[in-house]
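2 protein chains.
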Amino acid sequence: MLAKKKYSLLLLTFAVGVALWWVPPPEQVEARAWHLFAIFVATIFGIIANPLPMGCMALIGIAATVITKVLTFQEAFSGFGNEIVWLIVFAFFISRGFIKTGLGARISFLFMRLLGKKTLGLGYGLVLTELILAPAIPSNTARSGGVILPIIKSLANVFESKPHQPTAKRMGAYLTTVSFQATCITSAMFLTSMAGNPLIVELAQDLGITITWGSWAIAAIVPGLISLAVVPYAIFKLYPPTITESPHAPEFAKEQLHNMGKIRSNEWIMLGVFIFLIGLWIMGPTIGIKATVTALLGLVILLITNVLTWQDIRQEEGAWETLIWFSILLTMATQLNKLGLTQWFSNWVAYEIQALPWISAYILLTLVYFYSHYFFASNLAHIGAMYATFLAAATALGAPLGLSAMTLAFYSSLFGGLTQYSSGPAALLFGAGYVPVKTWWKIGFIMSIITILIWQLIGGLWWYAIGLFDV
Amino acid sequence: MLAKKKYSLLLLTFAVGVALWWVPPPEQVEARAWHLFAIFVATIFGIIANPLPMGCMALIGIAATVITKVLTFQEAFSGFGNEIVWLIVFAFFISRGFIKTGLGARISFLFMRLLGKKTLGLGYGLVLTELILAPAIPSNTARSGGVILPIIKSLANVFESKPHQPTAKRMGAYLTTVSFQATCITSAMFLTSMAGNPLIVELAQDLGITITWGSWAIAAIVPGLISLAVVPYAIFKLYPPTITESPHAPEFAKEQLHNMGKIRSNEWIMLGVFIFLIGLWIMGPTIGIKATVTALLGLVILLITNVLTWQDIRQEEGAWETLIWFSILLTMATQLNKLGLTQWFSNWVAYEIQALPWISAYILLTLVYFYSHYFFASNLAHIGAMYATFLAAATALGAPLGLSAMTLAFYSSLFGGLTQYSSGPAALLFGAGYVPVKTWWKIGFIMSIITILIWQLIGGLWWYAIGLFDV
């Protein structure tokens with residue numbers, strides 16, 4: 001049996017769901033959508049209150065949707081066929097190959113030799129890697145899971161910082177948080193650094209503004225670089241790693257690299273697959289191969305060459321766990337959208353603030369757009385549901401089109417840093433197990449304020465300077 | 472790296488696929504259907520030749536479908552949202568509860584005290600349990616996975632017979648094979664013992680014959696009981712357990728039961744969930760609750776009461792492995808059906824044999840119906856694709872309607888014993904890991920001949936006696 005406290009929390013979670021269920025839904029929202037909303041909120045509440053591990057709470061939540069017939073079984077389990085979900089699962093398997101072959105350790109030692117005197121230095125190293133890859137790998141999930149996460153795991157390993165243990169705070173927790181926030185920023189910086197960005201360009205085009213690769217990058221470069229410079233330091237202060245200084249680390253890394261000797265055959269294969277993955281992730285959109293298919297191909301190569309065995313796959317518990325909870329949260333969020341709840345919400349917000357001057361309306365609308373991401377499990381879904389409505393509302397209320405279009409565009413990636421289900425990288429990096437869920441939310445919220453301030457204030461000045469809008 | 476022999480087999484597997492791919496498809500079969508067929512055959516070939524474990528071969532197969540664009544990603548991964556797949560996964564978790572709480576061991580010791588002098592006795596005990604539950608639990612997957620499999624696992628455990636090890640042959644392999652064949656027979660015996668049977672009744676009604684619960688049971692009872700009596704003995708001869716006699720087992724079981732003492736709280740909860748599951752599986756069709764939803768509910772109860780922990784779920788490797796390979800094979804088979812390959816096959820067979828006398832046509836058609844199940848991963852899909860066509864063809868060629876309708880109806884369950892992907896119970900019982908894949912196929916094939924002989928010869932006489940057909 002569980003402890004009493006756990007049962008109180010579990011009861012509280014149920015109470016939240018039941019209470020919301022019985023609140024009469026707003027007009028224009030059908031009962032089914034409202035009931036799903038109640039279950040979704042209770043599930044999220046349960047995940048934060050944590051009477052049972054996240055996977056359990058997700059299973060209880062999805063069970064509630066099918067028992068109450070709010071969702072059919074097919075609807076409730078549709079998330080398990082989702083592309084991003086499988087990209088995450090495959091990325092977990094591939095990152096096992098990095099660790100198993102020693103390639104991850106080698107790359108980490110190279111990093112450490114260069115920047116390892118301070119943990120902060122390693123943080124900046126990861127951010128730099130992210131920035132270099134971002135314009136080329138349009139799937140931020142692939143970037144995080146296929147490249148950055150294996151390095152983080154290996155680095156943490158070297159410093160004996162293990163997931164789900166007190167040692168996680170030594171190094172793993174810091175590096176995961178930094179790279180998570182960094183990937184959200186780099187995703188916002190280039191038209192090709194996040195899968196949803198091209199969709200934004202299309203939606204904006206319909207409303208009368210043309211965004212090119214170049215104009216996007218120019219508008220993002222100043223707030224983007226400042227954000228990236230701030231992230232490792234801010235998180236270092238907010239959520240410091242317990243190992244901060246390691247003056248002998250570069251020397252140690254040098255020795256280790258010497259001891260490792262030459263690259264062996266499995267490591268060569270892993271390196272080949274790694275280059276193959278990056279190459280195909282870069283070329284993918286041009287030749288029509290999805291990031292998930294690329295990852296599956298990479299995995300198949302690792303299996304055929306016996307770099308990974310089937311046993312490695314079976315035992316990769318983090319992958320299975322993430323498969324469960326992320327699929328479930330994704331399904332709930334997708335269905336909320338399908339049932340029209342988000343559409344209703346957009347319209348309601350726009351209607352409520354119609355009397356405001358444009359600057360207040362613009363700030364309110366963009367903030368609501370940002371924080372409503374607490375109810376989404378995918379950037380793409382959020383963009384699809386709300387981008388066009390919010391852009392139209394902002395311009396209707398008098399806000400400059402260029403300013404509104406770009407702010408909403410950037411926020412469409414930046415809000416990915418809020419929760420553990422807010423995006424593919426979120427599920428992956430949180431799933432690595434170094435950071436507890438409450439901390440994840442706390443850091444996510446504080447960083448969102450810092451990010452918004454940077455992009456609104458400094459970004460605003462820059463956008464004015466480059467003529468994106470007039471006053 | 473793998474051994475050379477493994478690579479030759481892997482190459483041979485690819486060669487099979489490539490060769491079939493380039494064979495020109497028959498008229499009326501579109502290229503895409505044919506290409507999927509080539510990949511499916513190669514995948515099955517690879518699973519039998521076994522250069523890599525089944526899960527790897529399945530992943531390679533599905534990778535081939537998306538890379539060649541025979542299937543879209545969404546199509547290829549649609550099986551992961553399938554109901555039967557999740558019933559299997561949940562059944563794996565629930566059976567962990569049986570073992571963990573000791574309830575499984577207790578039930579096994581009760582069995583053993585009663586029938587444990589000989590392994591053969593235990594085999595008959597399982598068959599009897601199957602028969603009692605069959606009319607009441609319409610999902611044979613739930614029956615196998617929720618009730619029988621936990622008992623098998625516990626019994627095997629008591630005799631130290633472990634999956635994926637030489638000791639599997641002691642006891643586990645025999646009991647799994649017996650209960651697998653038995654569940655296919657009990658599924659054929661009652662209108663309510665297999666999910667696809669009501670569909671058959673509907674299809675047959677359209678062709679002019681009314682089948683009731685009673686008429687179904689009467690027609691099945693004689694060949695069914697004889698088959699059930701034969702199965703444990705036949706498999707005992709074909710695939711003998713290495714522990715066959717255990718004269719002291721009943722005494723030992725008695726002692727163990729004494730040592731176990733009274734049922735403890737977790738065991739009570741498990742027993743309660745067990746009864747709850749059986750009850751809801753029986754009532755399910757009446758009150759509109761699917762077997763999978765029932766299983767999910769049972770699992771949630773076990774998690775909330777902490778009988779199972781999230782860690783137990785993460786580590787249940789058999790569930791994850793089965794999720795992968797069964798979803799993939801199910802997807803391929805479903806898509807073959809959707810692309811019209813099976814429809815074409817039915818038509819082609821009926822056309823080819825139109826000149827035969829009815830008795831030969833009847834035998835040929837029913838045999839083709841039976842063995843074409845090598846290309847199906849679900850009874851339901853097979854029935855949907857071929858039952859009506861084959862029944863219509865048989866009667867058009869002069870075979871008696873009643874005889875043809877019932878033979879095809881019974882075969883619709885009996886063919887479930889052929890492969891490890893032929894039905895839900897197949898995936899579950901094979902997934903338990905006691906029997907190697909080649910043996911599974913061999914026993915499946917031999918038992919199919921025995922089953923067909925019993926149902927055609929003795930069944931035929933019985934059906935003639937009860938007036939199901941005239942000559």
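Sequence lines, in order, name chains D and A.
Using the working numbering, the first residue of the first sequence is number 1, and each one after it goes up by one.
Using the working numbering, the first residue of the second sequence is number 472, and each one after it goes up by one.
Cβ coordinates follow ideal geometry from the N, Cα and C atoms, glycine included.
Inclusion of Y124 of chain D and I443 of chain D in the CB contact set at 8 Å is not warranted, their separation being larger than that value. About 7 Å separates the beta carbon of L36 of chain D from that of M332 of chain D, a gap short enough to meet the 8 Å contact definition. Residue pairing by DSSP places K589 of chain A opposite A:E716 in a beta bridge. If you check each beta-carbon in the segment 758-775 of chain A against every beta-carbon of chain D, the ones closer than 9 Å belong to G759, I760, K761, T763, V764, L767, L768, L770, V771, L774, I775. Between the beta-carbon of A666 of chain A and that of T793 of chain A there is about 19 Å, and that puts the pair past the 8 Å contact cut.
For W358 of chain D, same chain residues with a beta-carbon under 7 Å away, outside a window of 5 residues either side, are L397, G398, A399 in chain order. Taking a cut-off of 8 Å for Cβ pairs, the segment 815-828 of chain A and the segment 777-789 of chain A do not touch, as fewer than three such pairs fall below it. Between I559 of chain A and F797 of chain A, the gap from beta carbon to beta carbon is short of 8 Å. The three-state reading of DSSP puts T72 of chain D in coil, since its state is none of H, G, I, E or B. With a cut-off of 8 Å on Cβ pairs, the segment 5-22 of chain D is in contact with the segment 46-55 of chain D, counting three or more such pairs. Here DSSP, grouped into helix, strand and coil, assigns V23 of chain D to coil.
Here DSSP, grouped into helix, strand and coil, assigns N50 of chain D to coil.
Inclusion of I289 of chain D and L303 of chain D in the CB contact set at 8 Å is not warranted, their separation being larger than that value. Only those residues of the segment 54-75 of chain D whose C-beta falls short of 7 Å from the nearest C-beta of chain A are listed: G55, C56, L59, I60, A63, V66, I67, F73, Q74. When secondary structure is reduced to three states using DSSP, Q343 of chain D falls in the helix class.
Taking all protein chains in view, the Cβ of S831 of chain A is surrounded by fewer than 16 other Cβ atoms within 10 Å, so the residue is classified as exposed. In the three-state scheme derived from DSSP, where H, G and I count as helix and E and B as strand, I383 of chain D is classed as helix. In this structure N259 of chain D is exposed. Its beta-carbon is surrounded by fewer than 16 other beta-carbon atoms within 10 angstroms.
The beta-carbon separation of W463 of chain D and F469 of chain D, rounded to 6 Å, stays under the 8 Å limit for a contact.
Residue state for A38 of chain D is assigned as helix, using DSSP reduced to three classes. An exposed status is given to E202 of chain D, since fewer than 16 other beta-carbon atoms sit within 10 Å of its beta-carbon. With a threshold of 8 Å between beta carbons, W310 of chain D makes contact with chain A.
In the pairwise beta carbon analysis, the segment 873-883 of chain A is classified as touching the segment 848-865 of chain A: at least three pairs are separated by under 8 Å. Residue state for V29 of chain D is assigned as coil, using DSSP reduced to three classes. Look at the beta carbons and you see the segment 634-654 of chain A not touching the segment 677-689 of chain A: under three pairs across the two are nearer than 8 Å.
Residue D:E75 holds the alpha-carbon nearest to the alpha-carbon of T334 of chain D among D:V368, D:L122, D:E75. Residue-level contact by beta carbon fails for S108 of chain D and chain A, as no gap is shorter than 8 Å. Comparing alpha carbon positions, the residue from D:F252, D:G17, D:V23, D:A381 closest to I62 of chain D is D:G17. Rounded to the nearest angstrom, the gap between the Cα atoms of L827 of chain A and P497 of chain A is 23 Å. Cβ contact annotation for G121 of chain D (same chain, cutoff 7 Å, sequence separation greater than five): L115, in chain order.
In the three-state DSSP reduction, G172 of chain D falls in the helix class (H, G or I). Between F80 of chain D and chain A, the shortest Cβ-Cβ separation is below 8 Å.
R584 of chain A places its beta carbon less than 8 Å from that of A724 of chain A. Counting only runs that start and end inside the segment 397-429 of chain D, the alpha helix (DSSP H) elements of at least 4 residues fall at 401-414. Shown here, I824 of chain A sits in coil according to DSSP, grouped into three states, outside any helix or strand. Chain A places a beta carbon closer than 8 Å to that of Q315 of chain D, counting this residue as a contact.
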